[in-house]
Amino acid sequence: MKRKNEIFSLVFLFFSTVVLYAGDVPTVGFRNLSATGIDQPGLITLDNLIFDFLKEQRTINAVDLRGTPGEPEPVVQTDYICTGSISLENSRYYLTLVMYVMPDNVKTAEITRNYDSYNRILLESRTVLKEL
């Protein structure tokens, strides 16, 4: 009987902890990156990659707010918005990621990195996102 009570207590403690911490995860919405000098397929690839890396983060709940041209932007309550830009200038790629706290839309963080190749961005964007 004592063993049964111990198991019940451990199961109850586990589920209580899960329920207690489930609501503490902030929601981060991801909006499309803007681009200058980058072709559309490259932009879509980078956009998808950064959103996938954002979803991998276990400390947040990532929400896709990327709209389709001509359609209204999805309306979702979020704690933060992550967006950015990519540009090609003088044979260098510049990636900027920005985080805004909502609902006031106040910039809380911004990181800009430059790269010598598009492939380098794909390789290092996970690290840049973690720094944000």
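Residue numbers (my numbering): 505 to 636.
Glycine included, every Cβ here is placed at the ideal spot set by N, Cα and C.
Predicted model only: the values in this text are computed from it and were never measured.
Per DSSP, which one or two residues make a beta bridge with residue i?
{"i": "residue 616", "result": "600"}
{"i": "residue 593", "result": "596"}
{"i": "residue 582", "result": "DSSP output for residue 582 lists no bridge partner at all."}
Taking residue i as the reference, which of the options has the closest Cα?
{"i": "residue 580", "options": "601, 606, 590", "result": "606"}
{"i": "residue 533", "options": "613, 555, 623", "result": "555"}
{"i": "residue 592", "options": "536, 546, 530, 535", "result": "546"}
{"i": "residue 635", "options": "600, 621, 608", "result": "600"}
{"i": "residue 569", "options": "536, 558, 616, 589", "result": "536"}
{"i": "residue 612", "options": "548, 571, 587", "result": "587"}
Is residue i helix, strand or coil by DSSP?
{"i": "residue 568", "result": "strand"}
{"i": "residue 529", "result": "coil"}
{"i": "residue 554", "result": "helix"}
{"i": "residue 549", "result": "helix"}
{"i": "residue 626", "result": "helix"}
{"i": "residue 631", "result": "helix"}
{"i": "residue 621", "result": "coil"}
{"i": "residue 539", "result": "strand"}
So, using beta-carbon positions, are residue i and residue j closer together than 8 Å?
{"i": "residue 623", "j": "residue 598", "result": "no"}
{"i": "residue 604", "j": "residue 585", "result": "yes"}
{"i": "residue 558", "j": "residue 633", "result": "yes"}
{"i": "residue 602", "j": "residue 565", "result": "no"}
{"i": "residue 553", "j": "residue 626", "result": "yes"}
{"i": "residue 531", "j": "residue 583", "result": "yes"}
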